[in-house]
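Participant:
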Amino acid sequence: DASILSVFVTLITGTSGNAGTQSLAVAVRKIGMQDDEEKNLFRTILSELATGVISGLVTGVTIALVIGVWKQNFILGGIIGISMLVAITVANLADSLIPVLMDRLSFDPAVASGPFISTFSDLTSVLIYFNIAKHFINTLM
Numbered sequence: 001d002a003s004i005l006s007v008f009v010t011l012i013t014g015t016s017g018n019a020g021t022q023s024l025a026v027a028v029r030k031i032g033m034q035d036d037e038e039k040n041l042f043r044t045i046l047s048e049l050a051t052g053v054i055s056g057l058v059t060g061v062t063i064a065l066v067i068g069v070w071k072q073n074f075i076l077g078g079i080i081g082i083s084m085l086v087a088i089t090v091a092n093l094a095d096s097l098i099p100v101l102m103d104r105l106s107f108d109p110a111v112a113s114g115p116f117i118s119t120f121s122d123l124t125s126v127l128i129y130f131n132i133a134k135h136f137i138n139t140l141m
């Protein structure tokens, strides 16, 4: 039954949102330290991207195994695990880029980034999740 997918929406949005918020904090800190050389900001963004891939991979594999065993459905676990990997990676990348963009547009990145990041992380993580699920829905049922 495909309705089981809705149970895990908050898991994916919450986890990717938390990961993204951490990237936001790192980027805002770098900007606030006046460490705004292009090279250093680029390095920070790459570092946050790598962190997103690693934490997304660890979280995704762990949750895929837990859900696979718990629900005795490794396809469902795989859908959720892959979604976690992609959503966390995208959140880390976007949430480290948004404060840099806000700073470049002369907005306070600490204040202006919050609403954008919350909305962007939730929207993209749900879109990622259901697009991945769409490709496996026939196998899931």
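For the sequence shown, the positions run 1 to 141 when full-length UniProt numbering is used. All residues carry an ideal CB built from backbone N, CA and C; glycine is no exception.
(1) Report the option in N73, I75 and N92 whose CA atom is closest to the CA atom of S16.
(2) According to DSSP, is M84 part of a helix, a strand, or is it coil?
(3) Assign G14 to buried or exposed, taking buried as 16 or more other Cβ atoms, counted over all protein chains shown, within 10 Å of its Cβ.
(4) Less than 6 Å between C-beta atoms, sequence neighbours within five positions excluded: which residues of the same chain meet that for D95?
(5) Using alpha carbons as the reference points, say which of L65, V61, I80 and A87 lies closest to G52.
(6) As a quick exercise: from L101, I12, N138 and G114, pick the residue whose alpha carbon is nearest that of M84.
(7) I need the straight-line Cα distance from A2 to N138, nearest angstrom please.
Facilitator: A quick look at the data gives this:
(1) N92
(2) helix
(3) exposed
(4) G20, S23, L24 and I117
(5) A87
(6) I12
(7) 9 Å
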